[in-house]
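Asker: The structure's right below; bear with me while I get my questions together.
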């Protein structure tokens, strides 16, 4: 399987907007439309599409925020039609590889609702740990120390 990460652009915007999580997960992550609006307002965010064999299967955003000196992996989602096939694991690894290449030796932060047990399990599998902080939405913050990996 060919795994690719592409910037969201006018060329792939419509297919990215079609990505949706399962109904049971809608309270855990914003829609791709909402994410892209936020990325337009906050230029530190870089929105990307996650592709398997040329087909869009997921979406993520990431960005470095100099004031707090934190690199955030934000809005990681796999479309409901591709869940349960190991895509979350494959694409989280691909995203982490991308972040480590673009931002060497930077710890990676993300936030997660504490009742999103599937996501927490996935993040912990990759070494993320809770750091006793919450974001402005009340989500618990996790951190991956990349220098130690």
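Residue numbers (full-length UniProt numbering): 1 to 149. Ideal placement from N, C-alpha and C gives every residue a C-beta, glycine not left out. Note that this is a predicted model, so its numbers are computed, not measured.
1) Can you tell me whether DSSP reads residue 39 as helix, strand or coil?
2) CA-CA distance, residue 45 and residue 61?
3) In the structure shown, what three-state DSSP assignment does residue 1 receive?
4) Against chain D, does residue 107 count as a neighbour if the rule is that its beta carbon must be under 8 Å from one of theirs?
5) If you draw a straight line from the C-alpha of residue 124 to the C-alpha of residue 31, how long is it?
6) Straight-line CA distance for residue 69 to residue 103?
7) So what's residue 88 in DSSP terms, helix, strand or just coil?
8) Between 43, 20 and 65, which lies nearest to residue 49 when the distance is taken from Cα to Cα?
Answerer: So, from the data block:
1) In the structure shown, residue 39 sits in a helix (DSSP, three-state: H, G or I).
2) Taking the straight line from one Cα to the other gives about 6 Å.
3) Residue state, collapsed to three classes: coil.
4) In summary, chain D is missing from the structure at hand, where a single protein chain is found.
5) Pairing residue 124 with residue 31, the inter-Cα distance amounts to about 24 Å.
6) Note on geometry: alpha-carbon atoms of residue 69 and residue 103 lie some 12 Å from one another.
7) Here residue 88 sits in helix by DSSP.
8) Taking each of 43, 20 and 65 in turn and checking the Cα distance to residue 49, the smallest one comes out for 20.
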